[in-house]
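Report on one structure; see the data block that follows.
Numbering (this note's numbering), first residue to last: 26 to 449.
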């Protein structure tokens with residue numbers, strides 16, 4: 026297990042500026058644009074259906090009115106230093122918007138239904154042809170070619186994609202107790218500082234949401250007559266998600282490729298731990314690392330992107346695991362997560378957008394409700410439906426349901442969403 030937690034933190038707890046899917050699109054275009062020469066004729070993006078769906082309707086950092094993959098691609102064409110900026114590529118591009126709108130009709134997408142996430146290939150046609158490829162994870166730029174000649178190739182001895190596969194293979198062999206043991210043995214001061222800084226960043230985004238940026242789900246929810254402290258925790262999660270989906274300019278600490286899930290885990294774990302327990306910040310942040318790790322464990326089965334909502338099936342289980350760890354009830358974690366999934370089976374992901382704030386609100390209250398219920402010894406008879414006595418088997422069953430025949434559920438989702446959308 027040596028250094029496994031460091032590798033997880035390095036690869037999966039990273040900063041993202043805006044939604045990670047349009048960020049990956051912009052990164053791919055920016056990487057290719059550095060090598061493009063002459064007058065632009067066309068930008069073509071070949072993309073998997075999961076990334077395409079998630080980026081269709083989401084806001085972009087600092088950009089009002091315009092949103093989604095197409096605008097992100099056009100902005101990416103004018104971004105600089107892509108290899109240094111990666112998923113923060115969309116930061117501070119407001120002054121490039123007019124230029125981006127001037128080329129937006131030259132941007133087109135081809136959705137590759139057979140590709141699994143993450144797959145983004147940008148092809149820029151000008152006096153030369155430049156191709157860039159991101160594959161495996163949102164910021165893993167594999168190569169750039171100019172007129173068929175490779176001008177950049179990931180030189181890592183082990184590619185980021187392979188590192189992630191190796192990490193996942195090791196984590197997948199573990200059970201909940203072993204994941205907790207990993208954190209208890211390897212949690213470091215560096216990881217503690219990362220999570221502290223992440224909470225500060227994610228709190229800034231949530232504050233923007235409370236001040237009116239985004240869908241105002243949390244703002245309006247606070248007007249309930251029976252509003253209480255636990256409702257406030259859920260409202261904070263909605264604030265952060267809503268502001269981020271509206272294009273809040275602040276970066277977020279993402280979790281396993283998702284800024285929304287990173288915001289959710291940071292805020293809900295910290296504030297609910299403060300509500301339930303009288304403990305040190307270090308203990309809370311150690312539990313937060315467990316939440317991120319359990320959320321990632323779920324996504325090893327479900328997929329980095331899925332037809333199912335990651336707030337419900339990765340982030341909320343992570344928070345629930347963290348709270349039970351702090352309560353000294355590690356033996357109840359699998360049972361509690363199975364209860365939670367029994368409560369919500371079938372919440373689909375129909376893309377990243379403003380209404381994710383509603384899902385964030387509901388998922389937060391769900392996690393807190395199931396913490397309270399398991400502390401009262403509620404347990405469902407298992408196996409029941411697709412819920413298995415083994416949590417890993419439950420995740421396997423969820424994955425099978427979300428992809429019953431290749432990608433048919435997700436393909437149908439993005440086609441329905443695409444037909445329903447008015448994307449710019």
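All residues carry an ideal CB built from backbone N, CA and C; glycine is no exception.
Here the structure is a predicted model, which means the values were calculated and not measured.
Between the C-alpha atoms of residue 392 and residue 231, what's the straight-line distance to the nearest angstrom?
-> Within the chain shown, residue 392 is the residue found at index 367, counting from 1. Within the chain shown, residue 231 is the residue found at index 206, counting from 1. Those two C-alpha atoms are separated by around 19 Å.
Is residue 366 helix, strand or coil when you go by DSSP?
-> By 1-based counting over the chain shown, the position of residue 366 is 341. Of the three classes helix, strand and coil, the one that applies to residue 366 here is helix, per DSSP.
Between the beta-carbon of residue 309 and the beta-carbon of residue 227, is there less than 8 Å?
-> On the chain shown, position 284 is the one that residue 309 refers to. On the chain shown, position 202 is the one that residue 227 refers to. For residue 309 and residue 227, no; Cβs fall outside 8 Å.
Which residues in the same chain have their Cβ closer than 7 Å to the Cβ of residue 242, if we skip the five residues on either side of it in sequence?
-> Position 217 of the chain shown, counting from 1, holds the residue named residue 242. Cβ neighbours of residue 242 beyond the five flanking positions: 263, 267, 382, 383 and 386.
Identify every run of the alpha helix (DSSP H) within the region 314-381, keeping only runs that are complete inside it and at least 4 residues long; order them along the chain.
-> 341-351 and 358-369
Keeping to the same chain, check which residues put their C-beta closer than 6 Å to that of residue 119; ignore five residues upstream and five downstream.
-> What you label residue 119 is simply residue 94 of the chain shown in a count that begins at 1. Excluding positions up to five away in sequence, the list reads 87.
With 16 as the cutoff for other CB atoms within 10 Å, does residue 252 come out buried or exposed?
-> Against the chain shown, residue 252 aligns to sequence position 227. With fewer than 16 Cβ atoms within 10 Å of its Cβ, residue 252 is classed as exposed.
In chain order, each beta strand (DSSP E) run of at least 3 residues that lies wholly inside the region 391-427 = none
Mind reading off the beta-carbon distance from residue 413 to residue 422? Whole number of angstroms is fine, and I expect it under 8 Å.
-> Numbered from 1 along the chain shown, position 388 holds the residue referred to as residue 413. Numbered from 1 along the chain shown, position 397 holds the residue referred to as residue 422. So it is a contact: roughly 6 Å between Cβ atoms.
Short check: CB of residue 424 to CB of residue 326, under 8 Å?
-> Walking along the chain shown from the start, residue 424 turns up at place 399. Walking along the chain shown from the start, residue 326 turns up at place 301. Cβ atoms of residue 424 and residue 326: closer than 8 Å.
Can you tell which of 402, 367 and 275 has its C-alpha closest to the C-alpha of residue 117?
-> One-based indexing of the chain shown puts residue 117 at position 92. Cα-wise, what sits closest to residue 117 is 275.
How about the region 190-209 and the region 277-295: do they share at least three Cβ pairs that are nearer than 8 Å?
-> no
To the nearest angstrom, report how far apart residue 187 and residue 373 are at their CA atoms.
-> Reading the chain shown from its first residue, position 162 is the one you call residue 187. Reading the chain shown from its first residue, position 348 is the one you call residue 373. C-alpha separation (whole angstroms): 29 Å.
Spatial distance of residue 47 from residue 97 (CA atoms) | What you label residue 47 is simply residue 22 of the chain shown in a count that begins at 1. What you label residue 97 is simply residue 72 of the chain shown in a count that begins at 1. Computed Cα separation, rounded: 6 Å.
Taking DSSP as the reference, what is the three-state secondary structure of residue 265?
-> For this step, residue 265 is matched to residue 240 along the chain shown. The answer is helix: DSSP assigns residue 265 an H, G or I state.
Can you list, in chain order, the stretches of the beta strand (DSSP E) that have 3 or more residues and sit fully within the region 197-283?
-> none
Close-in-space but distant-in-sequence residues of the same chain around residue 357 (CB under 6 Å, 5 per side omitted) | As a first step, residue 357 must be located in the chain shown, where it is residue number 332. So the qualifying residues of the chain are 349 and 399.
Residue 45 and residue 100 closer than 8 Å at C-beta = Translated into positions along the chain shown, residue 45 becomes position 20. Translated into positions along the chain shown, residue 100 becomes position 75. No, the Cβ-Cβ distance between residue 45 and residue 100 is not below 8 Å.
Extent of the continuous beta strand (DSSP E) to which residue 174 belongs = The count along the chain shown starts at 1 and reaches residue 174 at position 149. Residues 174-178.
Could you give the residue range of the alpha helix (DSSP H) that holds residue 128?
-> Position 103 of the chain shown holds residue 128. Per DSSP, residue 128 belongs to the alpha helix (DSSP H) from 122-128.
Go ahead and label residue 216 buried or exposed: buried means 16 or more other beta carbons lie within 10 angstroms of its beta carbon, across all protein chains shown.
-> Mapped onto the chain shown, residue 216 falls at position 191. Buried: at least 16 other Cβ atoms inside 10 Å.
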